Ligand code: AMP
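In our numbering, the protein residues as written are -15 to 412.
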């Protein structure tokens, strides 16, 4: 019989790689906490309309990439393709902004898009991100870029490039969009089939095309940065000067637009050089009209989302050591049949504090040590007749007898000694 396999575009995260995920998740939570963002977990699926209304009905995501299905009562549901729409929905539903100038939230979890799977592109992938809802101030745009940059920096991923742009607002964007459409029509022979279509419905999206044939037309297209209204120019100026003062390196990207419709003013991406065409680790921007589009009162907001698979791929290619999960394990084995019954209570006692494994069968010492080593043990406890206990350090081979009353102290000392030796080895 043919065996089942992962569904195309999905991936098991198995022991051996999940440790990197845990480590990244820990960094994300630590930095979010320092910046005052609180976690929110929204459901994995929502009404389809939430996404079509917020992301934009003629975006690639809504047109081609959503996992949409009717439930048993015929309601159209969609697996979330991104996090912002759900957070905005939840914010409005629970009136989370009540009595607060700004509500700062973060999320982390799987997202689903029906894309062509390739390197760095999956159908189930993971993102973390923030949303700061309630203030139009440029301070929060900068803080959003800063918290994302800080997480990547804390994970040891560098050098990074922040690409900063602005997509204007409903005041200045329409005039620019007409100008761009005119320009693109004149050069439509150079555009790919997709862009010929996009040009009429959503010309800004053409600027985001990765197709090489469109490159020439995109490069000399007029930039929105030259057509911003005064308030949008001032807003961008403030973000720039705050980033400069804060020491966050960035470059102005004259053709940066993002794949979702809800952005206004600031847009940004953070890139890593190692990733080639798929170099964006994530991005975001301001979405001052989104909550109103979802039926709420006018409420400005700004946020980002980052791709966790991409970040982990970069970490791997840079050979970054993300060692969080290598605490020395304790392995307990009996050396006499009469001691076999004492293994379980001892293992249970040690597991209150440390990672511990135990076996009940008596084997010769060589076999015990081989199995302990295969299990990743740093310390082996050998149980003899009458409660005799021997502790063995795997890295040096040293062993000593220990009384059961002082077991925890002895283990603690050994763990410290093993950790010190490991860190010395890493440094040398
Ligand atoms: P987006 O929500 O499209 O702005 O994506 C934000 C980030 O999520 C991207 O920069 C990627 O790092 C990551 N990402 C988006 N789509 C995928 C995907 N299909 N597979 C893996 N990562 C993705």
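Think of the CB as a built atom: it goes at the ideal place given N, C-alpha and C, for glycine as much as any other residue. Note that the structure is predicted; figures quoted are calculated from it, not measured.
Check                                                                                                                                                           : Outcome
Would you call the region 284 to 298 in contact with the region 105 to 112, where contact means no fewer than 3 C-beta pairs closer than 8 Å?                   : yes
Between which residues of its own chain and residue 398 is the CB-CB distance below 7 Å, once the five residues before and five after are set aside?            : 363, 375 and 377
Using alpha carbons as the reference points, say which of 296, 280 and 369 lies closest to residue 322.                                                         : 369
Taking residue 359 as the reference, give the member of 144, 366, 341 and 350 with the closest Cα.                                                              : 341
Return yes when the Cβ of residue 237 is within less than 8 Å of the Cβ of residue 168, no when it is not.                                                      : no
If you follow the alpha helix (DSSP H) that residue 10 is part of, which residue opens it and which one closes it?                                              : 2 to 18
Going by DSSP, which residues form a beta bridge with residue 248?                                                                                              : 270
Taking only heavy atoms of ligand 1 into account, decide whether any of them is closer than 7 Å to the Cβ of residue 58.                                        : no
Is the beta carbon of residue 0 within less than 7 Å of some heavy atom of ligand 1?                                                                            : no
Please list the terminal residues of the continuous beta strand (DSSP E) segment that includes residue 383.                                                     : 383 to 386
How far does the alpha helix (DSSP H) with residue 177 in it reach, from first residue to last?                                                                 : 177 to 185
For ligand 1, is there a heavy atom less than 7 Å away from the beta-carbon of residue 360?                                                                     : no
Helix, strand or coil: which one does DSSP assign to residue 53?                                                                                                : strand
By Cβ distance below 8 Å, which residues in the same chain neighbour residue -13 in space, the five residues on each side in sequence not counted?              : none
With a threshold of 7 Å (Cβ to nearest heavy atom), would residue 64 be considered close to ligand 1?                                                           : no
To the nearest angstrom, how far is it from the Cα of residue 272 to the Cα of residue 116?                                                                     : 11 Å
Look at residue 315 and residue 39 and say whether their C-beta atoms are less than 8 Å apart.                                                                  : no
Determine whether the beta carbon atoms of residue 222 and residue 72 lie at a separation below 8 Å.                                                            : no
What does the alpha-carbon distance come out to for the pair residue 331 and residue 411?                                                                       : 33 Å
With distances taken from CA atoms, which of 257, 206 and 74 is nearest residue 141?                                                                            : 257
My output table needs one value for residue 109: the three-state DSSP class, helix, strand or coil.                                                             : strand
With three or more beta-carbon pairs closer than 8 Å as the criterion, would you say the region 55 to 75 touches the region 273 to 285?                         : yes
Across the region 279 to 288 and the region 124 to 142, are there enough close Cβ pairs to call them in contact, namely three or more that are closer than 8 Å? : yes
Taking the alpha-carbon of residue 300 as reference, which of 4, -9, -15 and -10 has the nearest alpha-carbon?                                                  : 4
Taking just the CA atoms, how far does residue 193 sit from residue 45?                                                                                         : 14 Å
When burial is assigned at 16 or more other CB atoms within 10 Å of the CB, is residue 53 buried or exposed?                                                    : exposed
If you draw a straight line from the alpha carbon of residue 6 to that of residue 75, how long is it in whole angstroms?                                        : 28 Å
Hey, residue 250 and residue 267 are a contact pair by Cβ (cut 8 Å); roughly how many whole angstroms apart?                                                    : Wrong, their Cβ atoms sit about 11 Å apart, outside the cutoff.
Tell me whether residue 64 is buried or exposed, calling it buried when 16 or more other Cβ atoms sit within 10 Å of its Cβ.                                    : buried
Would you mind working out which of 126, 85, 366 and 388 sits nearest residue 382, comparing C-alpha positions?                                                 : 366
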